[in-house]
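Protein chains: 2
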Amino acid sequence: MGTRSLVATLNVVVGGWLGLHEVALSEAAWRHLDPAPGAHAEFAHPEPAQSASVLRRKVFGGRLDGNDFDALMRDVVADRLSELELAALVTACAGDRLDVAETIALTRAMVQVGERLDWGAGMVLDKHCVGGLPGNRTTPIVVAVIAALGYRIPKTSSRAITSPAGTADTVEVMTPVALDLPAMRRVVEREGGCLVWGGNVRLSPADDVLIRVERPLDFDSDGQLVASVVSKKVAAGSTHVLIDVPVGPTAKVRNESSAEALSGRLHGTAEALGLEVQIICTDGRQPVGMGIGPALEARDVLRVLRNQADAPADLRARALELASALLGMTGDDSAEQARRRAEYALASGQALAKFLAICEAQGGFREPTQAPYRHEVVADRDGIVAALDNRRLAKVAKLSGAPVSATAGVECAARIGHAIRRGEPLFIVHAATPGELDYALAYVASQPSIIRLEESMT
Amino acid sequence: MGTRSLVATLNVVVGGWLGLHEVALSEAAWRHLDPAPGAHAEFAHPEPAQSASVLRRKVFGGRLDGNDFDALMRDVVADRLSELELAALVTACAGDRLDVAETIALTRAMVQVGERLDWGAGMVLDKHCVGGLPGNRTTPIVVAVIAALGYRIPKTSSRAITSPAGTADTVEVMTPVALDLPAMRRVVEREGGCLVWGGNVRLSPADDVLIRVERPLDFDSDGQLVASVVSKKVAAGSTHVLIDVPVGPTAKVRNESSAEALSGRLHGTAEALGLEVQIICTDGRQPVGMGIGPALEARDVLRVLRNQADAPADLRARALELASALLGMTGDDSAEQARRRAEYALASGQALAKFLAICEAQGGFREPTQAPYRHEVVADRDGIVAALDNRRLAKVAKLSGAPVSATAGVECAARIGHAIRRGEPLFIVHAATPGELDYALAYVASQPSIIRLEESMT
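Line by line, the protein sequences give chains A and B. For the first sequence, the positions run 1 to 458 when my numbering is used. For the second sequence, the positions run 1 to 458 when my numbering is used.
Okay, structure coming up:
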């Protein structure tokens with residue numbers, strides 16, 4: 001007979017809510033404890049977490065070693081740290097407060113406390129984007145191209161941390177992603193690739209716990225970002241990983257020097273954990289594709305895979321660039337050959353067929369739907385688009401309900417250099433409820449320069 | 001018609017707990033909103049806190065200015081920051097991450113958002129201990145002596161932050177401390193001094209909010225400690241403040257250099273805010289008095305005020321040292337005269353009479369009671385006490401239920417240099433419930449050297 005435990009906040013109720021010796025569990029606690037009928041429950045003060053002193057040391061600026069991070073991550077996955085302590089941990093590691101040695105130690109500790117997949121001999125490809133660029137949903141296309149060409153790419157993705165949509169949120173619009181490990185393995189064995197949510201396969205589960213507080217706090221850091229990415233990839237059994245680092249003034253990585261610092265840390269940590277990585281810095285000045293939000297991004301992905309005339313050209317071009325670079329890492333092709341093979345896989349419909357087959361294997365494909373409430377935000381004068389603010393566009397999408405409301409988000413076709421006339425739409429806000437639409441539009445009204453127009457030279 | 005609002009977590013319940021369009025409020029929310037019968041309630045997403053970007057900047061290592069801290073503290077007192085954000089704020093300011101200019105700006109902002117008392121012309125004396133030394137409950141004695149000698153000392157104290165008892169917790173065992181501002185003013189006008197809890201008079205209410213997360217996190221920092229102390233004293237209208245800084249390896253301030261850093265920051269901040277301070281570094285190697293915990297400390301205070309034979313000599317000596325130093329700050333006496341006047345006030349019973357009069361004015365005096373569950377922790381061999389661990393003794397007292405259970409705590413007569421024989425008590429754990437007693441004793445069993453004995457030389 002197994003026993004399960006949980007550290008939780010005890011709420012005391014008065015009045016007739018509960019009888020004497022009765023307790024009620026939250027849905028989350030119920031799912032975690034999963035008690036059988038007649039099961040026995042005990043309630044006690046929690047043992048103070050052994051890693052609390054380690055956390056304290058880090059908060060006061062100390063350096064932590066491998067044993068320290070092992071203790072911390074064991075307590076993190078066992079839910080022995082409170083939300084406040086998790087927030088303190090994330091804050092204490094923010095900015096440049098984790099050095100490279102600590103990042104490596106944290107990464108090892110995160111791998112240690114979770115499952116680790118073994119795909120047998122041979123290359124296991126993977127790609128990752130550090131994020132911060134709304135709509136940059138290349139992953140489903142890259143996985144479809146790479147798997148269509150016969151390579152193994154068992155892709156696990158996260159849900160949104162601080163963005164309006166993670167890859168897992170977007171793919172979930174089209175097919176189930178919450179597969180467990182055996183199901184994921186069956187999909188990969190059949191199709192060579194998969195597109196599943198990493199949280200359910202317990203790869204680096206400590207990362208999933210940390211993300212729970214990073215999301216409401218709306219910040220992460222280089223050290224934790226690298227530990228998160230590398231631990232997930234090592235745990236997933238990947239051997240060759242391409243990492244997309246969008247660089248732009250309002251992207252997550254703002255300039256070349258930040259990109260270099262992040263690249264150095266990614267390379268150093270990946271190397272220490274035996275992972276081959278290539279980092280590709282891409283244009284992060286403006287959103288990619290038309291949609292920002294799960295369903296809107298899914299629509300863009302499908303348009304590219306279906307080679308539709310209205311497919312966003314930037315998303316297509318970026319997906320092909322990444323797929324080619326990843327093929328290049330295998331050593332099987334020259335850069336030129338890799339490029340031609342990737343393009344053919346996409347243009348021929350092989351990638352679409354592979355994508356649909358993967359969805360089928362994961363539980364079936366479904367078409368994205370559209371939000372019932374939409375509002376066009378229009379230009380108040382003629383002008384040329386000079387800049388788009390990624391962060392504020394993402395914030396509009398989040399305020400409209402994304403990613404929790406899958407159809408919520410922002411549709412934005414404007415790009416730097418486009419001419420826009422007074423009264424023409426700058427972007428369209430989509431929402432599942434009128435309240436969320438109002439909420440997003442109130443923010444839009446308070447932020448006049450989300451898309452900055454300059455007077456045309458004519 | 002006034003409106004009140006609150007940022008809170010929305011818990012969704014299923015089943016028959018609530019009808020359609022029904023909500024339930026927590027007791028805390030109910031008290032805060034205090035709705036009249038038939039009152040109208042609206043529920044909406046919170047506006048994102050304007051200071052969230054300021055917080056983010058600090059988390060990533062930026063320096064904040066006066067406007068930044070004003071915005072932060074306004075949001076803190078308006079409950080617009082979540083508990084996670086408060087934890088991030090406290091962590092981002094921990095260690096030496098607030099410089100002196102930031103500490104001054106934070107202190108000003110904290111004064112700004114609360115009430116500020118005005119006692120008219122003349123000196124207003126005050127004393128404060130930075131804490132970290134269990135049982136060091138000199139404040140009630142110092143206030144009684146100073147007020148008995150005719151000086152004005154309107155003392156506001158905090159509840160425990162990370163310790164088993166704050167002065168407010170201890171005094172509350174003997175008399176009500178949750179006085180509002182008019183009540184506090186009446187007490188001071190009648191008796192010259194008071195001993196009230198600062199939280200109810202809204203002096204530096206931002207500090208009270210920050211303490212709510214510092215307590216469960218169990219850490220604070222030099223910058224926040226100084227801002228907390230100085231903002232409270234400025235808001236209380238004090239002009240001359242004596243600050244007790246106990247120094248010892250297991251006290252809050254561990255060595256002379258830390259004491260100097262803290263003193264410098266206290267002096268600089270106090271001077272910037274127009275407050276005269278004197279800092280007195282005291283022996284912080286071991287607890288003071290016999291008791292650790294509200295009721296046990298109250299008993300010690302009364303024994304000293306009553307000049308009982310069993311009064312703890314160390315507590316008496318420290319209280320007289322502080323009272324003399326504070327009298328010295330007035331410029332009315334030489335050090336020698338100050339000393340004699342303080343001793344006479346205590347020995348003659350004037351201080352006791354003043355203390356009882358203050359309690360009477362605050363709502364009546366009551367005698368401390370004793371906890372029903374007690375356990376002697378005995379020495380397992382003969383030896384001489386070489387060291388006592390303040391932090392772990394405090395932790396035992398906290399695990400036994402202090403300060404929430406007023407009678408809980410630790411009674412410890414052992415002092416460095418005392419000879420103790422096998423089987424004799426090192427200390428006694430007091431608890432209000434058997435569960436808390438067990439909980440504290442389990443910790444004691446896991447920490448064999450809370451009181452370290454060395455072999456005697458005989």
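Even for Gly, the Cβ is constructed at its ideal location relative to N, Cα and C. In this text, all values refer to a predicted model and were calculated from it rather than measured experimentally.
(request) Give the C-beta separation of Val130 (chain B) and Val234 (chain B) to the nearest angstrom, bearing in mind that I take them to be a contact with Cβ-Cβ under 8 Å. (result) Between Val234 (chain B) and Val130 (chain B) the Cβ distance is about 17 Å, and since that is not below 8 Å, they are no contact.
(request) Could you check the C-alpha separation between Asp389 (chain B) and Met290 (chain B) for me, to the nearest Å? (result) 15 Å
(message) Taking CB distances under 8 Å as the criterion, tell me whether Val213 (chain B) reaches chain A.
(response) yes
(request) State buried or exposed for Leu242 (chain A), treating a residue as buried only when at least 16 other CB atoms are found within 10 Å of its CB. (result) buried
(request) Might you give, ordered along the chain, the residues of its own chain that have their beta carbon closer than 8 Å to the beta carbon of Met73 (chain A), omitting 5 neighbours on each side? (result) Leu106, Ala109, Met110, Gln112, Val113, Ala206
(message) Here's the rule: buried if 16 or more other CB atoms are within 10 angstroms of the residue's CB, otherwise exposed. What is Gly38 (chain B)?
(response) exposed
(message) Among B:Leu149, B:Pro154, B:Val90, B:Ala270, whose alpha-carbon lies nearest the alpha-carbon of Arg215 (chain B)?
(response) B:Val90
(message) Measuring alpha carbon to alpha carbon, tell me which residue in B:Asp220, B:Gly198, B:Glu376 is nearest Val429 (chain B).
(response) B:Glu376
(message) Let me check understanding here. Comparing Cα to Cα, which of A:Leu98, A:Arg116, A:Gln50 lies closest to Glu85 (chain A)?
(response) A:Gln50
(request) Tell whether a beta-carbon distance below 8 Å holds between Ile153 (chain A) and Val301 (chain A). (result) no
(request) Measure the alpha-carbon distance for Thr103 (chain A) versus Gly264 (chain B) and round it to whole angstroms. (result) 35 Å
(message) Does the structure place the segment 117 to 124 of chain B close enough to the segment 299 to 314 of chain B that three or more beta carbon pairs sit under 8 Å?
(response) no
(message) Please report the straight-line C-alpha distance between Asp244 (chain B) and Leu356 (chain B), rounded to a whole angstrom.
(response) 25 Å
(message) Tell me the residue span of the alpha helix (DSSP H) that contains Arg108 (chain A).
(response) 100 to 112
(message) Rounded to whole angstroms, what is the Cα-Cα separation between Leu305 (chain B) and Trp197 (chain B)?
(response) 21 Å
(message) For Gln224 (chain B), list the residues DSSP reports as bridge partners.
(response) The partner list for Gln224 (chain B) (beta bridge, DSSP) is empty, contrary to what the question assumes.
(request) Taking only beta-carbon positions, decide if Val59 (chain B) is within less than 8 Å of chain A. (result) yes
(message) If the criterion is Cβ atoms closer than 8 Å, does the pair Val177 (chain A) and Ala183 (chain A) meet it?
(response) no
(request) Give a yes or no on whether 8 Å exceeds the smallest Cβ distance from Leu326 (chain B) to chain A. (result) no
(request) Determine which residues of the segment 218 to 231 of chain A have a Cβ less than 9 Å from any Cβ of chain B, and write them out in chain order. (result) Asp218, Phe219, Ser221
(message) Does chain A have any CB closer than 8 Å to the CB of Ser5 (chain B)?
(response) no
(request) Check each residue of the segment 38 to 51 of chain B: if its Cβ is closer than 7 Å to any Cβ of chain A, include it; give the result in chain order. (result) His45
(request) Could you name the residues of the same chain whose beta carbon sits closer than 8 Å to that of Val147 (chain A), not counting the 5 residues immediately before and after it, in chain order? (result) In the sequence under discussion, the amino acid at residue 147 (chain A) is Ala, which differs from the Val named in the question. Only Ile153, Glu191, Gly192, Gly193, Lys354, Ile358 meet the Cβ criterion.
(request) Could you spell out the range, first to last residue, of the beta strand (DSSP E) harbouring Ile280 (chain B)? (result) 276 to 283
(request) Measure from the C-beta of Tyr439 (chain B) to each C-beta in chain A and report whether the shortest distance is under 8 Å. (result) yes
(request) Can you have a look at Val12 (chain A) and say buried or exposed, based on whether 16 or more other CB atoms are within 10 angstroms of its CB? (result) exposed
(request) Quick one: give me the first and last residue of the alpha helix (DSSP H) that Ala168 (chain A) is part of. (result) 167 to 172
(request) State the beta-bridge partners of Ile451 (chain B) as determined by DSSP. (result) B:Leu388
(request) Verify whether the separation of the beta carbon atoms of Ala261 (chain B) and Cys281 (chain B) is less than 8 Å. (result) no
(request) Starting from the Cα of Asp79 (chain A), find the closest Cα among A:Met123, A:Leu346, A:Leu210 and give me that residue. (result) A:Leu210
(message) Please give the ranges of any beta strand (DSSP E) in the segment 321 to 405 of chain B, keeping only runs that are unbroken, at least 3 residues long and fully inside the region.
(response) 373 to 378, 383 to 388
(request) Output, in chain order, the set of chain A residues within a Cβ distance shorter than 7 Å of Arg254 (chain B). (result) By Cβ distance, chain A contributes nothing, its closest Cβ being about 12 Å from Arg254 (chain B), past 7 Å.
(request) Within its chain, find whatever has a CB closer than 6 Å to the CB of Thr138 (chain A); leave out the 5 residues flanking it on each side and keep chain order. (result) Arg318, Ala319, Leu322
(request) Starting from the C-beta of Ser238 (chain A), find all residues in its chain whose C-beta is less than 6 Å away, skip the five residues before and the five after it, and write them out in chain order. (result) Val124, Asp126
(message) Tell me the DSSP secondary structure of Met1 (chain B) in three-state form.
(response) Confidence at Met1 (chain B) is low in this model, with a pLDDT of 46, below 50, so the placement of that residue should be treated as unreliable; the coordinate-derived value is given next. In this structure, Met1 (chain B) counts as coil in the three-state DSSP scheme.
(request) Name, please, each residue of chain B whose Cβ falls closer than 8 Å to the Cβ of Ser82 (chain A). (result) Pro216
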